[in-house]
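Residue numbers (the numbering used here), protein chains in the order written: chain W, 1 to 211; chain B, 212 to 422; chain X, 423 to 633; chain H, 634 to 844.
For reference, the structure discussed in these notes is given below.
Protein chains: 4
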Amino acid sequence: MEEKQRMNGDLRRRILDTTRHLLVSEGYNSLSMRKIARAIGYSATSIYLHFESKDALVHALIEEGMAQKYETLRSIAEAHREDVIARLKALCRGYIDFGIDNPEYYEIMYMLHPEQMARFPAEKYRRARRNLEVIVDTLREGAEGKLLYVEDPLVAASAIWAALHGAVSLLFSRRMDVRVDREAFIDTVISQTLRSYIVAPEGADAGVSTV
Amino acid sequence: MEEKQRMNGDLRRRILDTTRHLLVSEGYNSLSMRKIARAIGYSATSIYLHFESKDALVHALIEEGMAQKYETLRSIAEAHREDVIARLKALCRGYIDFGIDNPEYYEIMYMLHPEQMARFPAEKYRRARRNLEVIVDTLREGAEGKLLYVEDPLVAASAIWAALHGAVSLLFSRRMDVRVDREAFIDTVISQTLRSYIVAPEGADAGVSTV
Amino acid sequence: MEEKQRMNGDLRRRILDTTRHLLVSEGYNSLSMRKIARAIGYSATSIYLHFESKDALVHALIEEGMAQKYETLRSIAEAHREDVIARLKALCRGYIDFGIDNPEYYEIMYMLHPEQMARFPAEKYRRARRNLEVIVDTLREGAEGKLLYVEDPLVAASAIWAALHGAVSLLFSRRMDVRVDREAFIDTVISQTLRSYIVAPEGADAGVSTV
Amino acid sequence: MEEKQRMNGDLRRRILDTTRHLLVSEGYNSLSMRKIARAIGYSATSIYLHFESKDALVHALIEEGMAQKYETLRSIAEAHREDVIARLKALCRGYIDFGIDNPEYYEIMYMLHPEQMARFPAEKYRRARRNLEVIVDTLREGAEGKLLYVEDPLVAASAIWAALHGAVSLLFSRRMDVRVDREAFIDTVISQTLRSYIVAPEGADAGVSTV
DNA sequence: GATGAATGAGGATTCATTCAT
DNA sequence: CATGAATGAATCCTCATTCAT
Numbered sequence: 001m002e003e004k005q006r007m008n009g010d011l012r013r014r015i016l017d018t019t020r021h022l023l024v025s026e027g028y029n030s031l032s033m034r035k036i037a038r039a040i041g042y043s044a045t046s047i048y049l050h051f052e053s054k055d056a057l058v059h060a061l062i063e064e065g066m067a068q069k070y071e072t073l074r075s076i077a078e079a080h081r082e083d084v085i086a087r088l089k090a091l092c093r094g095y096i097d098f099g100i101d102n103p104e105y106y107e108i109m110y111m112l113h114p115e116q117m118a119r120f121p122a123e124k125y126r127r128a129r130r131n132l133e134v135i136v137d138t139l140r141e142g143a144e145g146k147l148l149y150v151e152d153p154l155v156a157a158s159a160i161w162a163a164l165h166g167a168v169s170l171l172f173s174r175r176m177d178v179r180v181d182r183e184a185f186i187d188t189v190i191s192q193t194l195r196s197y198i199v200a201p202e203g204a205d206a207g208v209s210t211v
Numbered sequence: 212m213e214e215k216q217r218m219n220g221d222l223r224r225r226i227l228d229t230t231r232h233l234l235v236s237e238g239y240n241s242l243s244m245r246k247i248a249r250a251i252g253y254s255a256t257s258i259y260l261h262f263e264s265k266d267a268l269v270h271a272l273i274e275e276g277m278a279q280k281y282e283t284l285r286s287i288a289e290a291h292r293e294d295v296i297a298r299l300k301a302l303c304r305g306y307i308d309f310g311i312d313n314p315e316y317y318e319i320m321y322m323l324h325p326e327q328m329a330r331f332p333a334e335k336y337r338r339a340r341r342n343l344e345v346i347v348d349t350l351r352e353g354a355e356g357k358l359l360y361v362e363d364p365l366v367a368a369s370a371i372w373a374a375l376h377g378a379v380s381l382l383f384s385r386r387m388d389v390r391v392d393r394e395a396f397i398d399t400v401i402s403q404t405l406r407s408y409i410v411a412p413e414g415a416d417a418g419v420s421t422v
Numbered sequence: 423m424e425e426k427q428r429m430n431g432d433l434r435r436r437i438l439d440t441t442r443h444l445l446v447s448e449g450y451n452s453l454s455m456r457k458i459a460r461a462i463g464y465s466a467t468s469i470y471l472h473f474e475s476k477d478a479l480v481h482a483l484i485e486e487g488m489a490q491k492y493e494t495l496r497s498i499a500e501a502h503r504e505d506v507i508a509r510l511k512a513l514c515r516g517y518i519d520f521g522i523d524n525p526e527y528y529e530i531m532y533m534l535h536p537e538q539m540a541r542f543p544a545e546k547y548r549r550a551r552r553n554l555e556v557i558v559d560t561l562r563e564g565a566e567g568k569l570l571y572v573e574d575p576l577v578a579a580s581a582i583w584a585a586l587h588g589a590v591s592l593l594f595s596r597r598m599d600v601r602v603d604r605e606a607f608i609d610t611v612i613s614q615t616l617r618s619y620i621v622a623p624e625g626a627d628a629g630v631s632t633v
Numbered sequence: 634m635e636e637k638q639r640m641n642g643d644l645r646r647r648i649l650d651t652t653r654h655l656l657v658s659e660g661y662n663s664l665s666m667r668k669i670a671r672a673i674g675y676s677a678t679s680i681y682l683h684f685e686s687k688d689a690l691v692h693a694l695i696e697e698g699m700a701q702k703y704e705t706l707r708s709i710a711e712a713h714r715e716d717v718i719a720r721l722k723a724l725c726r727g728y729i730d731f732g733i734d735n736p737e738y739y740e741i742m743y744m745l746h747p748e749q750m751a752r753f754p755a756e757k758y759r760r761a762r763r764n765l766e767v768i769v770d771t772l773r774e775g776a777e778g779k780l781l782y783v784e785d786p787l788v789a790a791s792a793i794w795a796a797l798h799g800a801v802s803l804l805f806s807r808r809m810d811v812r813v814d815r816e817a818f819i820d821t822v823i824s825q826t827l828r829s830y831i832v833a834p835e836g837a838d839a840g841v842s843t844v
C-alpha cells in the first residue's frame, strides 16, 4: 500500500519535474503532453492519471513554484529577523537567486501571456500575493523604525519587485551584453533598487555610500 | 507600376500591423498564419509572398519594434541634449511608455523564450544593442560632468534597463496588486532607479529629495 | 456470504441502472465505461468484474429490456384475456407506453445501427421475437373468432409493430411539430393502426366509427 | 478556372458521398473524419478545406437529404395532382422507397440522438418540416373533397409519418422476422395506415376492401 | 500578385481494456 | 471484491508550409 502510494507519487513528481525541465529547455509555448510523456518514458495517457488536463498540470507547477518561493523568502526573512536592512537586502538577493535557480517556475509564474493564464483560478493568485507581502512587511517595519524611507509600502514593494523581476528576466533572455559581469549586474540592481529607501546614516554621503 | 508597388507595400504593412494586433489580443502562442490571413482578408499563401516564413515575419516585427524604439529613445535624448539628468529621466519614462504603448512589440522583443528566439540572426541583436547605448552614453556623459555617480556605465545601464523592463512586464502581466496606482508605481520605479546615480546637490537630504 | 452476494448483485444492478440513466441523458454514443464508473462511484475496472466488456453490458441491458417488455405485454394480454379487441388496443397502448417510460431500453433495443448490434448473439434475438408473438397470437385469435380481419398474422403484427415503433421513435426524436398534442397523436396512431383489422359490426359506418 | 471549380466541387461531392456510404455501412456512431479521408484517399486535413467541422459535414448531408426527400415527395404529389387518394398512396410508397433507397440520409435525418442533433441549427429544422406539409396538404384537400375522413390533418399526417418511419426503421434494423416478405410488409403497412382515412364508397365492406 | 488544394506532423483528450495487486 | 497504473489506438482539429496555376 505504502509502496503503491510512493510509486504513484513518484510518477506525479517525475511528470512535474520533467515538465519543469522542458519549460527551461524549450519554453512554455512548445510544451506538449506528448513531449512530456516521451521524456518520462510513459504514454501520454498516463499523465492524465495524475493531472486532469494540461492546464491542471501547469497550474500545479505554478502553485508549487509559488509555495517554494514563499518558503524561501519567508525563511530568509526569519534568518534576518533582527536587522531590517540586512533582511531587505537578503530578500532581494533571495528573489533573484530563486529566479536563477528555478527558471522554469519563473517562466510559468511571471512570463505567460495573461490570455493563457486567465484560466488559472483567481483564488490561487490571491495566495500568490503572499510573496509580495513579505517585502511589504519588511518595508513597513523599516519605516516604523525610521530605518527606511517609504511613502507607500505596497507601491514601493511593487517597484522593488519590478526591478528584481526585470533583472531575472534579462538574465534569462540571453539578450544582455556579454561584457556585463553577472555578479556585478546583480549587485548593481540590488543596490540601485534599495538605496533610495535606506535612510542615510548621519554624516554619510548619499552619493557614495554602498548599500 | 508604382501603384502596384504601393499595393505591395500596403499588404506587407497590413500583415505586420495585423500581426501586431493579434499579438496583443491573443498572445504569441496562438498566433497563426491562418489567423493573420483571415484577419486581413487574404489567403494564407499570400503572406508567403511577403515573408519567407512565420519566423521571418516575427523577426521583421522585432526589427521594426527595435527600430521604432531606438528612434523614440534617440529623439528623447535629442530633446534633452542640454540636461543630462532630465534626459535620463525622460529616457526612463520613454522606455516605459513605449512598452505600454506597444505591448505587441514588447511581447515579441523581450518576452519570448530564448529557444524560440535563437533563430533570430545574431547580427540583428547587435543592432538592437544600440538601444542600450543611448542610456550608456547618457550615464557616461553625466559621470564625466560629475552630475551622476556611475561606476560602470554598461553595468549601470543594464541595471536601469532591468528595472524598467521589469516594470513594463509587471504592468502587462496583470498580476500586480489592483490597489497599486499605475502612475504612482511608474513614478516610484523611475525615482527608485535613478536616485542612486544622481549626485546629491550640496546640503540635500538623500532620504527626502525627489528625483 | 449472503450479504456479499447481495452486495455483488447490488453493484451489478447499479451498473445496469446507471447505464440506463446515462443512455437517456447522453445517448449511446457518449456512453463510456469511465462515465458509468464515475457515476456509480466505483473504478472502471470494477465494471469488468460484472460484465465482460462494454458490449456485454449493453447486451445485458437489451436482454433485460426485452424481458421487461415481454412481461409487460404478457400481463396486459392476460388482463384482457376475454376481449380480443380490447386486448389488442391495450397491447398497442402498452407498447407505446413502455417506450415512453423506458427510453433507454428503447434506444438500445431498436435504435442502434445494425453494425453495432451484429455482435449481439443471434440466439438472443430469437428470444426477443417472443414480444412480437404476443401480438401475432392475439391477431390469430381474433381472426379465428371473426372479430379481426387478418390475412397474414405475422405480417400484420409486423406492420402494427412498425407503426407503434415509429410513433415512439418520433416522440423521442423531438422532431415532431410542437403543435401536435401528444395524447391525440398517440390515440390517432393506435386507432389508425387497428381500424383496418377490426371487422366492422353490422350497420356501422367504417369511416366514422372510433376504434 | 472552370476546371478548378469542378475539381473543387468534385472533392466536396466525393466527401459527401463517401460519408453517406460510411453511414450506411458502419453507422453514425463510428463515423470519423479519418475514416472518411482514408476512404476517399485524401488526408483528413483536406476535408476541412470543404467542411468547417464534422458537424458541418453531417449537417450538409442532412440538408441535402431533406432537400432530396422534399423534391421526391413534391414531384410525386405533382404526378398525382388529380387523384387525392392515389396521391396519398403514392406519397406513402415514395416515403418508404426513399428510406430504402437512401438509408444513409435516413439514419442521420431521423435516427440521431437528440443530444447530438441539438447542434443542428433550428432554422434548418423548420425547413425540414416542409416534408410533412406535403402530406398535411393532401389530407386537407381530401377532407375538403369528402374523399378522406380526417379530423386533424396535422395530427393525422404525423401519425402516418410515424407508421412509415417505423416501417423504414424496422426494415433497416434487420430485426424483422425473416419469414416476413418485404413487399407484403410494405403493402400491409400502407394499407393499414391509410384505410382508416379513406371514406368507404357506398356499399363497400370496410373489412374487405383493399386500399 | 494571389490563391486553392493538399498534406504530414502534431495538438489535447478520451476510450476500452489489461494486469498485477 | 475492488482498484490504480498503464497503454495503444482513436477522436477532432490546427498548424506551417508547398506547389501548381
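In this text, a Cβ means the ideal position worked out from N, Cα and C, and glycines have one as well.
Item, Value
"Taking 8 angstroms as the threshold, find out whether the region 441-450 of chain X comes into contact with the region 517-532 of chain X through three or more Cβ pairs.", "yes"
"Under the three-state reduction of DSSP, which class applies to B/L222: helix, strand or coil?", "helix"
"Going by beta carbon distance, what residues of the same chain come within less than 7 angstroms of H/L780, once the five residues before and after it are set aside?", "V717, I718, V832"
"H/T771: which of H/T826, H/S806, H/R714 sits nearest, CA to CA?", "H/R714"
"Name the chain H residues whose beta carbon is nearer than 9 angstroms to that of X/D574?", "V813, D814, A817, T821"
"Per DSSP, which one or two residues make a beta bridge with H/I669?", "H/I669 pairs with nothing; no bridge assigned."
"Should W/S169 be labelled buried (16 or more other beta-carbon atoms within 10 Å of its own) or exposed?", "buried"
"Determine whether the beta carbon atoms of H/L655 and X/R601 lie at a separation below 8 angstroms.", "no"
"Per DSSP, which one or two residues make a beta bridge with X/I620?", "X/L570"
"Which value, in whole angstroms, describes the spacing of the CA atoms of W/R126 and W/Q68?", "16 angstroms"
"Does the beta carbon of W/N131 sit closer than 8 angstroms to a beta carbon anywhere in chain B?", "no"
"If you draw a straight line from the C-alpha of W/D97 to the C-alpha of B/A368, how long is it?", "21 angstroms"
"Using only the alpha-carbon positions, how far apart do B/Y281 and W/R87 sit?", "39 angstroms"
"Cβ-heavy atom distance between B/L233 and the ligand GDP below 7 angstroms?", "Ligands displayed in this structure: none; no statement on the ligand GDP is therefore possible."
"Can you list, in chain order, the residues of its chain with a C-beta nearer than 7 angstroms to that of H/I709? Leave out the 5 residues immediately preceding and following it.", "A723, L724, G727"
"Which residue marks the beginning of the alpha helix (DSSP H) containing W/G212, and which one marks its end?", "Past the edges of chain W, shown from 1 to 211, lies residue 212 of chain W, and the structure says nothing about it."
"Which residue comes first and which comes last in the alpha helix (DSSP H) that contains W/H165?", "153-173"
"Please list, in chain order, the residues of the region 474-494 of chain X that have any C-beta partner in chain H closer than 9 angstroms.", "none"
"Contact defined as beta carbons within less than 8 angstroms: I believe W/L132 pairs with B/D388. What is the distance between those atoms, to the nearest angstrom?", "7 angstroms"
"Answer with yes or no whether the minimum CB distance from X/D599 to chain H is below 8 angstroms.", "yes"
"Considering only the alpha carbon of each residue, which of W/Q192, W/F120, W/R182 lies closest to B/R386?", "W/F120"
"If you drop the 5 nearest sequence neighbours on each side, which residues of the same chain put their C-beta closer than 8 angstroms to that of H/E697?", "L649, Y738"
"Measuring only the C-alpha atoms, how far is B/L222 from H/I673?", "37 angstroms"
"Just tell me which of W/A159, W/A122, W/R129, W/G145 has its CA closest to the CA of B/I401.", "W/A159"
"Whose C-beta lies closer than 7 angstroms to the C-beta of B/V347 among residues of the same chain, with five residues either side of it excluded?", "P364, L365, A368"
"Find the residues of chain B that neighbour W/D126, judging by a C-beta separation of less than 9 angstroms, and give them in chain order.", "Residue identity differs from the one stated: residue 126 of chain W is Arg in this sequence, not Asp. Correct list: empty, because the minimum Cβ distance to chain B is about 10 angstroms."
"If you run the structure through DSSP and keep just helix, strand and coil, what is W/Y70?", "helix"
"Taking Cβ positions only, does W/L139 come closer than 8 angstroms to chain B?", "no"
"Under the three-state reduction of DSSP, which class applies to X/P536: helix, strand or coil?", "helix"
"Distance, Cα to Cα, B/I311 vs B/F383?", "8 angstroms"
"So H/M699 and H/A761 are supposed to be a Cβ contact under 8 angstroms. How far apart are they, rounded?", "5 angstroms"
"Distance check for H/R647 and H/K687, CA to CA, integer angstroms please.", "15 angstroms"
"For the region 82-102 of chain W, which residues have a beta carbon sitting closer than 7 angstroms to at least one beta carbon of chain B?", "none"
"Quick one, which of B/T404, B/Y253, B/V361, B/E352 has its alpha-carbon nearest W/A163's?", "B/T404"
"Tell me, to the nearest whole angstrom, how far the beta carbon of X/A589 is from that of H/G799; I am working on the premise that it is less than 8 angstroms.", "7 angstroms"
"Return no unless some Cβ of chain X is closer than 8 angstroms to the Cβ of H/H713.", "no"
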